[in-house]
Amino acid sequence: MSTIVSLPDQSTATLPKVSYLNKEYGLKSWLLTGDHKRIAVLYMISITFFFFIGGAMAALIRLELLTPTTDLLAADTYNKVFTAHGLIMVFLFLVPSVPATIGNFLIPIMVGAKDLAFPKINLLSWYLYIAAGIMMICVLVFGGVDTGWTFTTPLSTHYLNTNVVTAGLAVFVAGFSSIFTGLNFIVTIHRMRAPGMTWFRLPLFVWSHYAASILMVLGTPVLAITLVLVVLERTIGIGVFDPSKGGDPLLFQHLFWFYSHPAVYIMILPGMGVISEVISTFSRKRVFGYTAVAFSSVAIAVFGFFVWAHHMFIMGISNYSALVFSLLTMLVAVPSAIKIFNWSATLYKGSITFETPMLYAFGFLGLFTIGGLTGVFLGSLGMDIHLTETYFIVAHFHFVMVGGMLMAYLSGVHFWWPKITGRMYPEGVSKLAAVITFVGFILTFFPQFILGYLGMPRRYAAYPPEFQVLNVFSSAGASVLGVGYLLPLLYLTWSLKYGKIAGANPWQATGLEWQIQSPPLTENFAETPIVTHEAYDYEWLANKTRNEVQTVG
Amino acid sequence: MEQQQEHHHHLHVPHPDMGPSEPTHHEEHIVTPKVYLIVGASLLVFTATTTAVSYVDLGEFNAVVALAIACIKMSLVVLFFMHVKYSSKLTRLTVACGFFTFLVLITMTMTDYISRAWGRW
Amino acid sequence: MDSQSVAAQTVETGHIEHEHPPFLRHHFENVAQQREAATFGMWLFLLTEIMFFGGLFCAYLIFRNWYYPAFVAGSHSLHIWAGTLNTTLLIISSFTMAMAVHAAETRVRRSLMGWMIVTIILGCGFLCVKAYEWHDEWVEHHVPGLNFNPATLEHGTKAYPDDTLAPDMAQKTSVYFSLYFAMTGMHALHMIIGVSLLTILLIGAYKGKYVDGHVAPIENFGLYWHFVDIVWIFLFPLLYLISRHQ
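So the sequence lines, in the order shown, correspond to chains A, H and V. Here my numbering is used: position 36 in the first sequence is 36, and no number is missing along the way. Here my numbering is used: position 78 in the second sequence is 1078, and no number is missing along the way. Here my numbering is used: position 203 in the third sequence is 2203, and no number is missing along the way.
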């Protein structure tokens, strides 16, 4: 199979003498760093840790659901397990996944800056994340919380005696971690671009992160105040969500989903940014319709604020407002669809190769499309009444979040691994892992669409026996999926010591990050770059490598 | 020492190829204490007004007038104390986005509450 | 009459920018870029605050319309002198904070410190009045969840004898007070944080830190302070001035 990988001669190649990794040694130099690249690495290690805890929760769920009765876990415990799975996966993995790791690492380099605008706030963001993670672990240790990740009132405020307050505060802290990351990105992108780096020369990865950052800054605070009100209601006893005191439980849901719907775009947009970069590189072709993709990212962010009540269609909102939100939900799908079209058009007549990042990107294209389309089904009121709170919803969001976002994250990790570490991952086993992940995913989650359509409710530990066969398929798929996720953990760690030396630009990609050494210097650029070429300009790259000696740090 | 401020001349004109990250120099305008004094006094007058008006029966319009006066006070603080009148387009766009998102939260939530029981709002 | 004056240092600033003052962080090209980035960052943070308080205002709007008579009674039970006084204190403190920024921009250390001290005192004054009010509400049994009893509101007061409420509407005054404490509490928390930060900045000002061209911290703290003032500008009529003519 052909490949575009171009590595330096391994018999003589070495890592650069000085890079951000060895500039300073010692724990303090990492824990008190201002270097965005080191913070990105800290994040990467942390979110991987929490991903596997969330994954363990998923394993328990799928084990329990092998049989129709509650034989592995009591119903209350099952509630705690899926709540932990949701909270950890959403707030401690998906929201920071690409932005805090790959975004933190790359945004300054991609715009041509030496660091983010506020390095100390960047570090604070990581510490807030860790604090939130510790609080979440405390929740687990002290008996868990069983509200579901959505904290729906009045269940969470009135009817439970589990660790709702601690969990709510953990999410509150994680939210501020997210806000500070987004704030940093927006200021950096606006104010620290290198000379010549105009908005429309930026990689689409930057546009996606810009759009996601707007959502982080404007949406997350509403979640914060909502959780504060839940905590006050549980501790002091104020009654804004309590019907017996005159409050409205639906108000909680309005405020909660006002953030949590844009949150799903916070989660997916950075992943879409990765896909733009990967598809372009492995088709050797500029992204089709750059402007459309850039504006679609911002459109997704803006429209994403107008649709939140589609999570509440059956909850008692008025039919008239449900109609309004349903119509707007149909519209919000359009910019996402535009992106899928444009990525497909990028592939058309490109020189496609199938390295691991591209395999994950292909997986994204198919699975996100399916997930996104099922979202449109759910946006239609009649369908939603039948399908909501069933496994159809569970399948829908796992297709977009796991089939979409997690695949995009893995694509990005593999794509930029050589830049971050200076070493290549082993291509053979990584391709295998990608395929295993794809197969395992489909086996796990496709049956859940059918289960949902047939009427199996979500968040139930026990189910009618006629649903067992599909549940067994799903659980079997989950074990395959687990292998698919464990393999990268193993071989990526292995590659840190034994991987091939990558050199500055193993993918022969465009983009400022590929013009500097791997791993980069602490200050990224020896001197401020002056940008004269458009994004994804493969001709410029060809001329450059033909005419110039490539300088490696 | 007052110099005539010419808004059309900047200290360095950005080169066409240079990135637009050049500073805009707006933040170097210094607002005089006189302006602050006038704005501060106006705010106090508006405060007295809103308190006084609340004792007059205007029916539904009490709330409207109170909110209108509050908006005027807010505008004075934003434009002069917070220097937005002298700030870059980016700052103004940022402030506008904040208000817009706040309004989206309020109005779209209200579509539910208003239409739950038509006429009995 | 020109209402703006360009800093006398504008021309010289061009030269100063090419030197490296100690407060210039290495990842910025020049002081102007650093200052603009800091201000932009503070504005973005204020956007988060708009949305944070926004959730509370949204709740207020809904419940005021559902339980208007209860809100009227609740509002009448507040001391209008306290609310007006607090509004006055905050407005004056915004003025003094703006003057502090001016002093930093014109590099006059004693002025800067003076205005900062006055702002701190006014902020503390606000908090004292608030504390008195909250104590009063505690004594009157108006604290939802802790000692709430609407008895004092059911039958009208001396000032508002027509404020009688049906028993179920009287119960709803707890919603009014829930929002009252949540909103003024959140506001007071922001005031406490503000006064604390300002005190830290005052220590820095004493050491001469903000009169050497490094105006950004004072400027951006000023933005925060004015924002907290704006929140109160809305809280005052919404909480204190509901239908006072009755």
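For glycine and all other residues, C-beta sits at the position ideal for the given N, C-alpha and C. Computed from a predicted structure; not experimentally measured.
Chain-ordered chain A contacts of residue i [CB-CB under 7 Å]
i                       : result
residue 1108 of chain H : 306
residue 1101 of chain H : 218 and 305
When the options are compared against residue i, the one with the closest alpha-carbon
i                       : options                           : result
residue 1052 of chain H : V/2072, V/2081, V/2036 and V/2026 : V/2081
residue 1099 of chain H : V/2020, V/2048 and V/2072         : V/2048
residue 117 of chain A  : V/2061, V/2029, V/2022 and V/2235 : V/2029
residue 241 of chain A  : A/235, A/249 and A/47             : A/249
residue 368 of chain A  : A/520, A/453, A/139 and A/275     : A/275
residue 57 of chain A   : A/187, A/475 and A/491            : A/475
residue 108 of chain A  : A/60, A/48, A/387 and A/516       : A/516
residue 524 of chain A  : A/28, A/36, A/389 and A/273       : A/36
residue 2201 of chain V : V/2187, V/2221 and V/2190         : V/2221
residue 140 of chain A  : A/129, A/81 and A/115             : A/81
residue 129 of chain A  : A/225, A/486, A/255 and A/39      : A/39
residue 232 of chain A  : V/2180, V/2153 and V/2092         : V/2180
residue 534 of chain A  : A/110, A/87 and A/173             : A/110
residue 220 of chain A  : A/77, A/176, A/252 and A/195      : A/176
residue 2070 of chain V : V/2112, V/2170, V/2187 and V/2098 : V/2170
residue 390 of chain A  : A/281, A/454 and A/375            : A/454
residue 6 of chain A    : A/154, A/195 and A/424            : A/424
Beta-carbon proximity check, residue i vs residue j, cutoff 7 Å
i                       : j                       : result
residue 470 of chain A  : residue 451 of chain A  : yes
residue 4 of chain A    : residue 508 of chain A  : yes
residue 2089 of chain V : residue 2232 of chain V : no
residue 461 of chain A  : residue 75 of chain A   : yes
residue 415 of chain A  : residue 206 of chain A  : no
residue 2107 of chain V : residue 1054 of chain H : no
residue 477 of chain A  : residue 444 of chain A  : yes
residue 2086 of chain V : residue 2031 of chain V : no
residue 167 of chain A  : residue 271 of chain A  : no
residue 213 of chain A  : residue 1115 of chain H : no
residue 448 of chain A  : residue 400 of chain A  : no
residue 2214 of chain V : residue 2023 of chain V : yes
Where residue i meets chain A, residues with beta-carbon distance less than 8 Å
i                       : result
residue 2191 of chain V : The premise fails here: residue 2191 of chain V is roughly 17 Å from chain A at the closest Cβ pair, so nothing lies under 8 Å.
residue 1104 of chain H : 305 and 306
Where residue i meets chain V, residues with beta-carbon distance less than 7 Å
i                       : result
residue 118 of chain A  : 2041
residue 1043 of chain H : 2091
Contact list for residue i against chain H, beta-carbon separation under 7 Å
i                       : result
residue 66 of chain A   : None at all; the shortest Cβ gap to chain H is about 41 Å.
residue 318 of chain A  : 1112, 1115 and 1116
residue 2054 of chain V : 1102 and 1105
Proximal residues of chain A, C-beta to C-beta of residue i below 9 Å
i                       : result
residue 2214 of chain V : Under the 9 Å cutoff, chain A gives no residues; its nearest Cβ is about 16 Å from residue 2214 of chain V.
residue 1090 of chain H : 190 and 191
Near the ligand ATP: residue i beta-carbon under 6 Å from a heavy atom
i                       : result
residue 1097 of chain H : Ligands are entirely absent from the displayed structure, and the ligand ATP is therefore not among its contents.
Closer than 8 Å at the beta carbon, the chain H residues around residue i
i                      : result
residue 254 of chain A : 1109 and 1112
residue 261 of chain A : The premise fails here: residue 261 of chain A is roughly 11 Å from chain H at the closest Cβ pair, so nothing lies under 8 Å.
Counting pairs of Cβ atoms below 8 Å between the region 2051–2067 of chain V and the region 1092–1110 of chain H, do you hit three or more? yes
message: With three or more C-beta pairs closer than 8 Å as the rule, is the region 354–367 of chain A touching the region 398–415 of chain A?
response: yes
Give a yes or no on contact between the region 295–308 of chain A and the region 259–266 of chain A, applying the rule of three or more CB pairs nearer than 8 Å. yes
Discussion item. I'd like the ranges of any alpha helix (DSSP H) spanning at least 4 consecutive residues and lying wholly in the region 425–484 of chain A.
Written reply: Secondary structure in the region 425–484 of chain A: the alpha helix (DSSP H) runs of 4 residues or longer, each lying completely within the stretch, are 427–454 in chain order.
**Q.** beta strand (DSSP E) runs contained entirely in the region 2088–2136 of chain V, provided each spans 3 or more residues
**A.** none
| Can at least three beta-carbon pairs, one atom from the region 2036–2051 of chain V and one from the region 1084–1099 of chain H, be found at a separation below 8 Å? | yes
* Per the contact definition of three or more C-beta pairs closer than 8 Å, is the region 294–306 of chain A in contact with the region 320–334 of chain A? -> yes
Q: Mind the definition here: the region 1072–1082 of chain H touches the region 2111–2121 of chain V only if three or more C-beta pairs lie below 8 Å; say whether that holds.
A: Output reads no: the region 2111–2121 of chain V does not touch the region 1072–1082 of chain H.
(Q) Extract the residue ranges of the alpha helix (DSSP H) inside the region 263–333 of chain A, only unbroken runs of 4 or more that lie entirely within it. (A) Runs found: 290–303.
Could you tell me which uninterrupted beta strand (DSSP E) segments, each at least 3 residues in length, are contained entirely in the region 2139–2218 of chain V, listed from first to last along the chain? none
**OP:** For the region 1024–1109 of chain H, list the beta strand (DSSP E) runs that are entirely contained and at least 3 residues long, ordered along the chain.
**Re:** 1029–1031
Check whether the region 140–155 of chain A and the region 184–199 of chain A are in contact - that is, three or more C-beta pairs closer than 8 Å. no
Exercise. Which ranges would you report for the alpha helix (DSSP H) in the region 31–84 of chain A if only whole runs of at least 4 residues count?
Worked result: 36–64
Discussion item. For a minimum of 4 consecutive residues, which ranges assigned as the alpha helix (DSSP H) are wholly contained in the region 178–252 of chain A?
Written reply: 204–235
Next on the checklist: Check whether the region 2172–2184 of chain V and the region 2209–2228 of chain V touch, using three or more Cβ-Cβ pairs below 8 Å as the test.
Outcome noted: no
Q) For the 8 Å Cβ check, are there 3 or more pairs between the region 2091–2106 of chain V and the region 1055–1063 of chain H? A) No, the region 2091–2106 of chain V is not in contact with the region 1055–1063 of chain H.
- Message: Is it the case that the region 484–503 of chain A contacts the region 410–425 of chain A, given that we only count it when at least three CB pairs across the two stretches are under 8 Å?
- Response: Counting Cβ pairs under 8 Å, three or more are found: they touch.
| request: Could you tell me whether the region 426–442 of chain A touches the region 286–304 of chain A, using the rule of 3 or more Cβ pairs below 8 Å? | output: By the Cβ criterion, the region 426–442 of chain A is not in contact with the region 286–304 of chain A, since fewer than three pairs of Cβ atoms, one from each stretch, lie closer than 8 Å.
Give a yes or no on contact between the region 1061–1080 of chain H and the region 2233–2242 of chain V, applying the rule of three or more CB pairs nearer than 8 Å.
-> yes
- Query: Using 8 Å as the Cβ pair cut-off and three pairs as the minimum, do the region 335–343 of chain A and the region 284–299 of chain A touch?
  - Reply: Three or more Cβ pairs drawn from the region 335–343 of chain A and the region 284–299 of chain A lie within less than 8 Å of each other, which places the two stretches in contact.
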